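Numbering (the UniProt record's numbering), first residue to last: 1 to 661.
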């Protein structure tokens, strides 16, 4: 939301750098948590102390199938358990880290580099993978940039493959001799520090650091950077680790929210029951952070609750076999080691009880007349997180929709015109404070309140904007979905936000100066055809694309990309208009911005829809957006469309398209 973005902008300092590091580490680990869970379940079932041994005690012979899967000698590398933790999990982290930096090529080189540190160390190389994966991606990115656009045609694959292979070899050697021993030394030292804390009964004191770090979103650096690697190494040796529960224990947050249920006031009390369910069973701990930010002294409750949980786990010698992510009670029990269920259960509910008692006392003795602004605290939480929270809507009653994005594959045609039409309706309804923009799906971030896409692209958009509301459309020009969006705004934003404002292009497409001069450059008269000859959609794409090539706007290969785009998602906009354009990958074939216009005497069958006007688009920047906005408005006006049909010269066509409303 806009308030979050505005407050997030000036974030600087050591805390922000640690947050960014933690986010990067989390982004490497979280996509692979399924593999950690698989490893943990295999470990729980098949190792020598595993669950199946209590059932199949007679299969302890070396040839037993349980023994073969688990591998006796604890984690001697036999079976599945040893190779998964030694090779699979670090390689997945390294691959993900490289992909974050430089796509598939970075991922491959990151995995190769990670193999070097795996082979050069005797402990699981999670920390090494978190270093070598992004390093491999970064080096590959810099290397590719050196000869981008300088390779002779026909040699691209040769250069790409050998450069990745040679770089991967060098980084693997560097990891083997350089990074591997360093990380092994650090792991040993950190493990000794943990042993010291355990032996001297000081481990509960870690909650003094961890609980505030969670609320400030510094926990990812601690959890994924230190606790998960150390805990996995400990589990490798003993079959379990208490370190997995230092941050993931859902008890402290549960106790805090229960206290608000009974002793809170206003919105905080009303939202606490739902938040407790999400926190305890869903494992989304960040949902209780705004309650602490609203009344900072409550951090004492979560610290004491966390210390209680750690103390009980140490007392009972309990732990998990693998990380519990998210920190749900379900995930915790799924990873609980044999013989640890009593200790883990007592640690969770003991932490919740202490947190509840302390928080209840602080709330009952609170002399402040102000109940606290939960919405402001939620915005503060999102500001520290650096992006919209997926669960903030529960705390703020659903939240206002402040920004809407219309997304398509390339972000240069369909989305621009759809956004223009939707923006006009939103503004006319009085929601001038709601920002409506367009974007390619590849560039989407999870920072939008509502995402509009063609129905064939909605699933792709959801992968990048999981916390947004998604609306699918078929007809970009006159779909009833736009009216439904306006009604949604009335429900979520509490009626019209402001008086209707004059429609304007999206900020990214804003241009100054006369539209006519821009139209002359983008839509020359030579690119306007009054009577097209194509009889099919494919022929019409060729005709519109050829005009762009003749105008010097695109290379010939761009026309092929226009056909590729049409195969994936139709560019039919509605009201007799189709706007074929290339894929996002074909932008390198665009020499300059250009638009072509072809009118057909008989409508063309465009995937079952009648297309009478075909507008070819090649957008090198944003200078075509203003003209596309005007074209969209023309096709919303039946009188303007009638003028296009009646026009006898290219000058008349361009005058109608560039005149606007």
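All C-beta atoms in this analysis are idealised placements derived from N, C-alpha and C, irrespective of residue type, glycine included. Since we're looking at a predicted model, the values are computed, not measured.
**Request:** Drop a sphere of 10 angstroms on the beta-carbon of residue 17, count the other beta-carbons inside from all chains shown, and report buried for 16 or more, exposed for fewer.
**Result:** Exposed: under 16 other Cβ atoms inside 10 Å.
**Prompt:** Going straight from the alpha carbon of residue 613 to that of residue 555, what length do you get?
**Reply:** Going by C-alpha positions, residue 613 is about 23 Å away from residue 555.
**Item:** Given 8 Å, three or more beta-carbon pairs between the region 278-297 and the region 333-342
**Value:** No: fewer than three Cβ pairs fall under 8 Å.
**Asked** Which value, in whole angstroms, describes the spacing of the CA atoms of residue 246 and residue 203?
**Response** The C-alpha of residue 203 is placed about 9 Å away from the C-alpha of residue 246.
**Prompt:** Taking C-beta to C-beta, are residue 538 and residue 558 nearer than 8 Å?
**Reply:** No, Cβ-Cβ distance for residue 538 and residue 558 is not below 8 Å.
**Item:** Residue from 487, 190, 452 and 36 with nearest C-alpha to residue 90
**Value:** Selection 487, 190, 452 and 36 evaluated against residue 90 yields 36 as nearest (Cα-Cα).
**Message:** Among 591, 323 and 541, whose alpha-carbon lies nearest the alpha-carbon of residue 551?
**Reply:** For the options 591, 323 and 541, the alpha carbon positioned closest to that of residue 551 is the one of 591.
**Coil, strand or helix - residue 592 by DSSP** = Coil, per DSSP.
**Asked** Are residue 582 and residue 620 close, meaning C-beta to C-beta below 8 Å?
**Response** Not in contact: residue 582 and residue 620 (Cβ atoms no closer than 8 Å).
**Asked** Who pairs with residue 95 in a beta bridge, going by DSSP?
**Response** According to DSSP, which records beta bridges pairwise, residue 95 is partnered with nothing at all.
**Message:** Applying the 10 Å Cβ sphere with the 16-neighbour rule, what's the burial state of residue 444?
**Reply:** By the Cβ neighbour-count rule, residue 444 is buried, with 16 or more other Cβ atoms within 10 Å of its own.
**Distance, residue 536 Cα to residue 471 Cα** = A straight-line Cα-Cα distance of about 30 Å links residue 471 and residue 536.
**Asked** Which whole runs of the alpha helix (DSSP H) in the region 229-266 are 4 residues long or more, in chain order?
**Response** Whole alpha helix (DSSP H) segments, 4+ residues: 244-248 and 251-263.
**Prompt:** beta strand (DSSP E) containing residue 611: first to last residue?
**Reply:** Per DSSP, the unbroken beta strand (DSSP E) holding residue 611 starts and ends at 609-618.
**Message:** Quick check: the Cα distance between residue 439 and residue 147, rounded to an integer number of angstroms?
**Reply:** Cα-Cα distance, rounded: 29 Å.
**Message:** How far does the alpha helix (DSSP H) with residue 403 in it extend, from its first residue to its last?
**Reply:** Where residue 403 is concerned, there is no enclosing alpha helix (DSSP H), although the beta strand (DSSP E) it sits in stretches over 403-408.
**Message:** So residue 528 and residue 654 are supposed to be a Cβ contact under 8 Å. How far apart are they, rounded?
**Reply:** Contact between residue 528 and residue 654 holds: CB atoms are separated by about 6 Å, below the 8 Å threshold.
**Asked** Beta carbon of residue 407, beta carbon of residue 453: below 8 Å?
**Response** At the C-beta level, residue 407 and residue 453 come within 8 Å of one another.
**Stretch-stretch touch, CB-based, cutoff 8 Å, three pairs: the region 293-308 with the region 275-283** = Flag = no, the region 293-308 and the region 275-283 do not touch.
**Asked** Helix, strand or coil: which one does DSSP assign to residue 147?
**Response** In the three-state reduction of the DSSP assignment, residue 147 falls in the coil class.
**Message:** So for residue 653, helix, strand or coil by DSSP?
**Reply:** Residue 653 sits in a helix when the DSSP states are folded into three classes.
**Asked** Any idea if residue 427 is buried or exposed, counting beta-carbon neighbours within 10 angstroms, 16 or more meaning buried?
**Response** Buried: at least 16 other Cβ atoms inside 10 Å.
**Unbroken alpha helix (DSSP H) run spanning residue 306, endpoints** = Here the alpha helix (DSSP H) through residue 306 covers 299-316.
**Request:** Per DSSP, which residues does residue 282 bridge with? Please list them.
**Result:** Answer is none; residue 282 lacks a bridge partner.
**Prompt:** Which term fits residue 154, buried or exposed, when burial requires 16 or more other beta carbons within 10 angstroms of its beta carbon?
**Reply:** That one is exposed.
**Request:** Let me know the alpha helix (DSSP H) ranges lying completely inside the region 437-484, each 4 residues or longer, listed in chain order.
**Result:** Counting whole runs of 4 or more residues, the region 437-484 contains the alpha helix (DSSP H) stretches 458-464.
**Asked** Looking at C-beta atoms only, is the number of pairs between the region 157-171 and the region 185-199 that lie closer than 8 Å three or more?
**Response** Short answer: they don't touch.
**Asked** Between residue 521 and residue 534, which are expected to be in contact by the criterion C-beta below 8 Å, what is the C-beta distance as a whole number of angstroms?
**Response** The Cβ separation is near 26 Å, so there is no contact.
**Contacting residues, own chain, Cβ-Cβ under 8 Å from residue 39 (five flanking each side not counted)** = So the list reads 81, 84, 85, 88, 89 and 322, once near-sequence residues are dropped.
**Asked** How about the region 90-106 and the region 122-130: do they share at least three Cβ pairs that are nearer than 8 Å?
**Response** Yes, they touch.
**Prompt:** Can the beta-carbon of residue 350 be found closer than 8 Å to that of residue 251?
**Reply:** In this structure, residue 251 lies closer than 8 Å to residue 350 by Cβ.
**Asked** Can you list, in chain order, the residues of its chain whose CB lies under 7 Å from that of residue 207, leaving out five sequence neighbours each side?
**Response** Hits under 7 Å: 303, 306, 307 and 310.
**Prompt:** Apart from the five residues just before and just after residue 194, which ones in its own chain have a Cβ nearer than 8 Å to its Cβ?
**Reply:** Exclusion of the five residues before and after residue 194 leaves 203, 230, 234 and 243 as the residues of its chain whose Cβ lies within less than 8 Å of its Cβ.
**Request:** Reducing DSSP to helix, strand and coil, say where residue 365 ends up.
**Result:** In this structure, residue 365 counts as coil in the three-state DSSP scheme.
**Item:** For residue 291, the residue or residues it bridges with in DSSP
**Value:** According to DSSP, residue pairing for residue 291 in a beta bridge does not occur.
**Asked** Closest by CA to residue 135, which one among 348, 151 and 111?
**Response** Nearest option by C-alpha distance: 111.
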